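So for the sequence shown, the working numbering puts the first residue at 327; every next one is plus one.
Where a beta carbon is used, it is the ideal one built from N, C-alpha and C, also for glycine.
All values derive from a computational prediction rather than experimental measurement.
Notes follow the structure.
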Amino acid sequence: MKVPLKQKAYEYVLDKIMSGSLQPGARLSEVAMAKEIGISPTPLREAYRQLASEGFVKYIPNSGIFVRDISTSETKELYETREAIESFCTGMAAMKMNRIDTAELKDSLNTMLETARELRDSGGKLFGPEQEIKYMKSDARFHLLILKSADNSIMLRTMRECHVLGRLLGFKSHKHSLRQVARTLLHHYRIYKSIKDHDSARAESAMRNHIKFSRESAIANNTEEPRKTEEGRCSEELRNFIHNIEKE
């Protein structure tokens with residue numbers, strides 16, 4: 327079935343927001359974007375209106391359309407919503423995911439692990455732009471696979487909005503330190519292992535702990551620089567994690 331032009335434009339722009347190609351504050355051109363997609367401006371304008379109604383872009387009179395930013399109060403609400411709904415979905419996923427699903431989950435985890443290795447081996451403290459995009463896309467895929475497996479369309483739509491807003495928050499800071507990456511990977515591994523073992527209670531708890539950590543990291547990323555003294559300990563923690571997961 328042929329995808330409607332409005333839907334094509336909507337998905338194209340949303341993907342650019344999710345990947346970080348369009349970051350908070352970026353102005354969205356109708357003419358240039360329509361040419362890039364290969365459509366007329368009319369369906370693109372319709373897509374922009376849908377994105378605005380969902381809170382992902384905003385119209386500023388006499389200025390244009392911009393990718394929106396996320397406020398401190400919204401950050402708090404975002405993580406409260408995720409903790410309540412996504413933790414429950416993870417428990418459901420542990421009961422419903424089959425071997426093919428868990429293999430896909432492991433693949434997303436491995437992509438994040440590969441990006442973490444690149445950061446560790448480079449000796450750098452923070453991701454570069456390309457690494458950041460690769461890391462965040464694989465992180466989004468990991469969470470989306472779990473949410474889809476819960477098989478609840480209303481929760482999926484709600485969490486999808488939360489994750490898009492979460493991407494805006496993440497690309498606002500660009501401060502994924504090795505310590506944060508290592509801990510995120512460890513959290514993801516615990517979630518993956520719980521789901522693979524079909525342990526619903528453990529999976530729900532693991533996701534709740536992960537979201538709490540993500541909230542703390544998001545707040546810290548927008549208030550202070552990563553602490554240099556923790557990089558050595560993190561490198562050892564990540565090495566141990568890599569060693570353990572490669573035996574799976």
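Per DSSP, reduced to three states, the secondary structure at K361 is helical. Counting every other CB atom within 10 Å of its CB across the protein chains shown gives M359 a total of 16 or more, marking it as buried. For V507, the enclosing alpha helix (DSSP H) has its first and last residue at L504 to K522. DSSP lists I391 as the beta-bridge partner residues of Y385.
Between the C-alpha atoms of M481 and S448 there is a straight-line separation of about 39 Å. Using a Cβ distance threshold of 8 Å, I343 and R493 count as a contacting pair. DSSP places L348 outside both helix and strand once states are collapsed to three, so it counts as coil. When the five nearest sequence neighbours on each side are left out, the beta carbons in the same chain lying within less than 7 Å of the beta carbon of R509 are those of F539, in order along the chain. Per DSSP, R446 has no beta-bridge partner at all.
Put simply, of Y515, L435, K474 and Y405 the residue whose alpha carbon is nearest the alpha carbon of N424 is K474. With respect to L504, R467 sits apart: the two C-beta atoms are not nearer than 8 Å. Judged by beta-carbon spacing, S345 lies within the 8 Å limit of I459, meaning their Cβ atoms are closer than that value. By a beta-carbon distance limit of 8 Å, L431 contacts L471. Their separation comes to about 5 Å. V490 and V383 have their C-alpha atoms some 11 Å from each other.
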